[in-house]
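Heads up: the protein sequence lines correspond to chains A and B, in order.
FYI, in numbering that gives the first Met the number 0 the residues of the first sequence are 0 to 426.
FYI, in numbering that gives the first Met the number 0 the residues of the second sequence are 0 to 336.
Ideal Cβ placement from N, Cα and C applies to all residues, glycine included.
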Amino acid sequence: MRLGARRDGTLTAIDAEIVLDIGSGSLYAGRYAMTLHQISELYRCPSVRVRIVAVYTNTTPTGPQRGVLDPIATFSTEAAIDDLAAHLGMDPLALRMKNYAEDFQGLDDTTPALPYTSKHLDACLAAVADAIGWSERDRMRAEARGPVRRGGQLTILPMIAAEELGLPPERIHIHHGDTDGTHYAPSSHASRITSEVGPAVLQAAAQVRGRLCELVAARLEVSPLDLVAAEERIYVRGVPERGMTFTAACALMAEPEIRATGSRAPNPDDVIFRLFGAHGAEVEVDVETGELRVLRIVCSHDIGRPINPKLVESQQYGGAVMGLGYGLYEEAELDGKSGVLLTPDVHQYRVPTALETPVIEARNVEREDAFYPYSAKPVGEAPLVGVMPAVRNAIRHALDLGIDTLPITPARILEALAARKKTADAR
Amino acid sequence: MLDELPAFAHVSAGSVAEAVDTLAEHGTRAQVLAGGTDLLGLMKDRISGPGMPVPEVLVNVKRIPELAGIAELRDGGLRIGAAVTLWDLERDPRVVGRFPALAQAAAAVATAQIRSMGTVGGNLCQRPWCWYFRHPQFPCLKRGGRQCFALPGSNRTYFSVLGLGVCVMSHPSDLAPALMALDARVTVAGPAGRRTVPIDRFFRGPRSVTETVLERAEIIVSVDVPAPPIGTRSLFLKHLVRGTWDFALSEVAVAASPGPGRWDGVRIVLGGVAPFPYRATAAEAVLAGHAPTESRVREAAEAALAGARPLTQNGYKIDLTRALVSRALTALVASMA
């Protein structure tokens, strides 16, 4: 990763070369081009080049996991930005804000510049800076150092239906994962379910409400448009006593059930849909033993308006721990001669434990975005992406040393410190 | 590697004699089953080789009265039965009070769940964690094969920088360095009778492909930890990659007996850096009979690592271990102040 910049910090070029070991088989096909977006959309920069070479090797096959190639792309870019800031003698946050991109800048001749549906990354960065105590960091350094419960879609979809029908979510039963009785939905990937299936559920629920309101309106001799569904009742707007319970409304039905369908159209093509976020980390490094303690992780995501704030938080906690595993503890060791995986179990492939989990704080930016139902942006994957760059850059601040080989274990820290000492002694 | 446990016959021995006889009868087809925390994993992964078959007979020793409990020795030391769990060992008030290094070492093993089953005897006899030894596809020297794969291959984590020999794994026992710092003795029973082995001589040196001096059909009965000289303090430090459930990248056990204005006796034992628990005798010589000043402690830490020869990927262990020795000794001095 090479960056070009003027003395005042203005980025002039980003040049990334990625060599990807995809093992003996890969599910990445077609997704490599994402890295161009992921790298170029972080900053305003007139000239961006990404070359990516995927190499087949006689080792275990590979495929995308949370974030796909974004963790790699963002780690490389964010590490380079902090190194550039050090080189220029500039505050890394100031360097980022200097090159902030309000809009999507377009990509070669195929994709024009377009506005985002909304983007509040600047607010996210400010929130993280405040939460982590950014202004104090140099002083601190100087002073020492359901069937299937899967992700969030199981609760989000009943909540959307419940909101439309004016019922508590517990009265909505979601029947899913049964190929006999249900339709196929898009797979639960790329944090999509809330924004892809959600609108369809909303439409269908709205149709059900409409039909019930027709029945109630006929009984009360009012227009259906005068009725609201809320708090388990259907009643005349502003006159709550003139109405009936949801259950009583259902009893008016002549048909055995009300069936409704919903659908979602493809995205409009004059806006760009993205989720942005920021992470901050505070670490402690023991330079004699290489031991690293992550004291705090803070994050802020531009999430629109959360349908279920607890689920957003849990994605952020999970993303933080997963990011720490990715960056500090987990290493799949391959034997150099045979390509055999030497760490095939969770014993030697060290997944973080409770003892590795620091204080994690989220301060999200909540704003309207009319392009998402209830302004709810999907937030499944983004909470992973910023963690490792933040920790790497915190280590850089602590040691004045950038370590870019993951995981950053005590061994790697000691080796990097020893190498620097050797270079210094040689001078 | 999620294989099922292979079929085996289970014999619950009621006495040491019964255990020894059963082991002798079945030869290499039988193994001792105490907590099973190492054995069952080896069996599920089918780790075997010529002369080292997957066992078909497991001799349970947990019901043998002689292997149970922690008893007082007449001199004020303790006799620890081989089947005592690490859980019981770490919280026994006599162990905590008289032999802190041992309690600390026991508490540092793996996880609470493993410690509730794992035993003292098993901890001393556990097999190494070289990832080639533990992978069925690599017939290494320890499994009766012809080569060591770690020497030219991956050797970053559980591998040695001292006492290298035929095999370069680092010994995984956390108890062993602590027991060695405390001058423990191991009582062993076998077909030829009983014998007591000082723990310094219980582990084989670098030219052996087995780790302990246990002969065929021999079992550990108990470990004696003698009462130390008055005023002795001991300490154990373990350095891991993550906070728990990990073997040491490096660990140190130290014990010292104070005299007037000096240390009369000192033992410094390193774990995780040699194929056996490593007594740093050169370091001990720097301190024995002298006041443990800061510069002597530094000198001792240097001496402990003299002669260290890293493999291709584990050189960081030298700086790391030197720092741990220094810290352990400094903490020991502070605890005696």
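Counting of Cβ neighbours within 10 angstroms places A:Y371 among the buried residues, the total reaching 16 or more. B:L85 places its beta carbon less than 9 Å from that of B:L174.
Residues of chain B with a Cβ closer than 8 Å to the Cβ of A:L354 are, in chain order, R241, G242 and T243.
With a cutoff of 9 Å on beta-carbon distance, A:F103 and A:I306 are scored as not near each other. In the three-state reduction of the DSSP assignment, B:N122 falls in the helix class. Under the DSSP assignment, B:F235 falls in the beta strand (DSSP E) whose first and last residues are R232 to H238. The stretch 76-83 of chain B makes contact with the stretch 202-222 of chain B; the number of CB pairs closer than 8 Å reaches 3 or more. Here the stretch 235-254 of chain A makes no contact with the stretch 335-355 of chain A; the two share fewer than three CB pairs at distances below 8 Å. By the C-beta density criterion, A:K336 is exposed, having fewer than 16 other C-beta atoms within 10 angstroms. Annotated as distal: B:L269 and B:E298, with beta-carbon spacing of 9 Å or more. Per DSSP, the unbroken alpha helix (DSSP H) holding A:Q314 starts and ends at P308 to L323. Put simply, of A:V358, A:A410, A:G8 and A:K118 the residue whose alpha carbon is nearest the alpha carbon of A:V284 is A:A410. Around the CB of B:P190, fewer than 16 other CB atoms lie within 10 Å, so the residue is classed as exposed. Look at A:G197 here: in three-state DSSP terms it is helix. Counting only runs that start and end inside the stretch 231-303 of chain A, the alpha helix (DSSP H) elements of at least 4 residues fall at 245-250.
Judged by pairs of C-beta atoms under 8 Å, the stretch 43-50 of chain B does not touch the stretch 7-26 of chain B, as fewer than three such pairs exist. Residue range D69 to L87 is occupied by the alpha helix (DSSP H) that includes A:D82, with no beta strand (DSSP E) assigned at that position. Close to A:P351, with beta-carbon spacing below 7 Å, are these residues of chain B in chain order: R241. Straight across, the Cα-Cα distance linking A:L416 with A:V286 is about 8 Å. Distance between B:A279 and B:A302, taken at the CA atoms: about 8 Å.
Those residues of the stretch 299-319 of chain B placed with their C-beta closer than 7 Å to a C-beta in chain A are Y315, D318 and L319, ordered along the chain. Residues of chain B whose Cβ lies closer than 7 Å to the Cβ of A:A410 are, in chain order, R155 and Y315. Listed in chain order, the non-local C-beta contacts of A:T342 below 6 Å within the same chain comprise A331, E332 and Y348, local neighbours out to five positions each way being set aside. A residue is called buried when at least 16 other Cβ atoms come within 10 angstroms of its Cβ; A:A264 does not meet this threshold and is exposed.
Residues of the stretch 126-159 of chain B whose Cβ lies closer than 9 Å to any Cβ of chain A, in chain order: W128, W130, Y131, R133, H134, Q136, F137, F148, P151, G152, S153, R155, T156 and Y157. With the rule of 3 Cβ pairs closer than 8 Å, the stretch 14-32 of chain A counts as touching the stretch 52-72 of chain A. For B:A273, the CB contacts under 7 Å within the same chain, skipping 5 residues up- and downstream, are S159, L161, G162, S169 and H170 in chain order. When the beta-carbon positions are compared, B:S115 and B:R232 stay at least 9 Å from each other.
A:L340 carries a strand assignment under DSSP once its states are collapsed to helix, strand and coil. Taking the CA atoms as reference points, B:K43 sits about 12 Å from B:F7. Beta-bridge pairing by DSSP links B:Q30 to B:L57.
Around the C-beta of A:S117, 16 or more other C-beta atoms lie within 10 Å, and the residue is accordingly described as buried. At least one C-beta of chain A is nearer than 9 Å to the C-beta of B:R326. Rounded to whole angstroms, the gap between the alpha carbons of A:I159 and B:H238 is 50 Å.
Exposed is the label assigned to A:D399, since fewer than 16 other Cβ atoms lie within 10 Å of its Cβ.
Excluding five sequence positions before and after A:G338, the CB atoms of its chain that fall closer than 6 Å to its own CB belong to N57 and T58, given in chain order.
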